[in-house]
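Reading through the structure tokens given below for one structure.
Numbering (our numbering), first residue to last: 52 to 197.
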């Protein structure tokens, strides 16, 4: 097991998912989505780009299967989705999408636009906690290989 980083002194294991499906038909949509400048995505991006978040590399607007996810961490197999008001009316679609992403072995962390706008640092702490819970190595695990 390879350690990616440490969050609050807890080792975080790498969980790279290889060979994710890719729909090339979605590629023309990427520049438009990236340039849209959705405030919540921009605020989150400022917290995590250039490895500002524990040295972890985040990709923005990544194609996985038939979806474009908001953010993706390749070394964790982690999708970060920022949900705006439109998601209140698309719950069934969101659930199907999440099940599909999870079927590839990915974890999905969701943040509400409102939460980022109110206090981005709380959202970042919630992300830290999610990563610790899903990728952290317990203290008593002696099988750690660095």
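Backbone N, C-alpha and C define an ideal beta-carbon position, used for all residues, glycine too. For clarity, every value in this text was computed on a predicted model and none was experimentally measured.
Next item on the list: Within 10 angstroms of the Cβ of residue 92, are there 16 or more other Cβ atoms? Answer buried if so, exposed if not.
Entry: Position 41 of the chain shown, counting from 1, holds the residue named residue 92. Buried is the call here.
Margin query: Going by DSSP in three states, residue 127 sits in which element: helix, strand or coil?
Written below: Translated into positions along the chain shown, residue 127 becomes position 76. Three-state result, residue 127: coil.
Notebook entry, point to check: What is the rounded straight-line gap between the Cα of residue 53 and the Cα of residue 155?
Noted result: One-based indexing of the chain shown puts residue 53 at position 2. One-based indexing of the chain shown puts residue 155 at position 104. Looking at the two C-alpha atoms, the distance is approximately 20 Å.
Checklist line | As assigned by DSSP and simplified to three states, the class of residue 60 | finding: Taking the chain shown and counting its residues from 1, the one referred to as residue 60 is at position 9. Residue 60 falls in the coil class under three-state DSSP.
Check: Since residue 64 and residue 186 are thought to touch, with beta carbons under 8 Å apart, how far apart are those beta carbons, to the nearest angstrom?
Finding: Locating residue 64 in the chain shown gives position 13, where the first residue counts as 1. Locating residue 186 in the chain shown gives position 135, where the first residue counts as 1. Confirmed, about 5 Å.
Next item on the list: Helix, strand or coil for residue 71, going by three-state DSSP, please let me know.
Entry: Here residue 71 refers to the residue found at position 20 when the chain shown is read from its first residue. Of the three classes helix, strand and coil, the one that applies to residue 71 here is coil, per DSSP.
Note to self: Just to confirm my understanding: we take residue 88, look at its own chain, exclude 5 residues before and 5 after, and list those with CB closer than 7 Å. What are they?
What the structure shows: On the chain shown, residue 88 is found 37 positions in, with the first residue counted as 1. Nothing listed; no residue qualifies.
Next item on the list: Leaving out five residues on either side along the sequence, give the residues of the same chain with a beta carbon under 8 Å from the beta carbon of residue 126.
Entry: Counted from its first residue, the chain shown places residue 126 at position 75. Counting only Cβ-Cβ distances below 8 Å, and skipping sequence neighbours, we find 55, 65, 66, 67, 107 and 108.
Note to self: Using DSSP's beta-bridge definition, name the partner residues of residue 118.
What the structure shows: Against the chain shown, residue 118 aligns to sequence position 67. According to DSSP, which records beta bridges pairwise, residue 118 is partnered with 115.
Margin query: Less than 6 Å between C-beta atoms, sequence neighbours within five positions excluded: which residues of the same chain meet that for residue 101?
Written below: As a position in the chain shown, residue 101 is number 50, starting the count at 1. There are no such residues.
Note to self: Between which two residues does the alpha helix (DSSP H) holding residue 168 run?
What the structure shows: Position 117 of the chain shown, counted from the first residue, corresponds to residue 168. Segment 164-186, the alpha helix (DSSP H) holding residue 168.
Margin query: Counting C-beta neighbours from all protein chains within 10 Å, is the total for residue 121 16 or more, i.e. buried, or is it exposed?
Written below: As a first step, residue 121 is located in the chain shown; it is residue number 70 there, counting from the start. That one is buried.
Checklist line | Spatial neighbours of residue 61 in its chain, beta-carbon cut-off 6 Å, leaving aside the 5 residues before and after | finding: Counting from one through the chain shown, the residue named residue 61 turns up at place 10. Cβ neighbours of residue 61 beyond the five flanking positions: 183 and 187.
Margin query: Under DSSP, the alpha helix (DSSP H) around residue 95 begins and ends at which residues?
Written below: Here residue 95 refers to the residue found at position 44 when the chain shown is read from its first residue. Per DSSP, the unbroken alpha helix (DSSP H) holding residue 95 starts and ends at 90-99.
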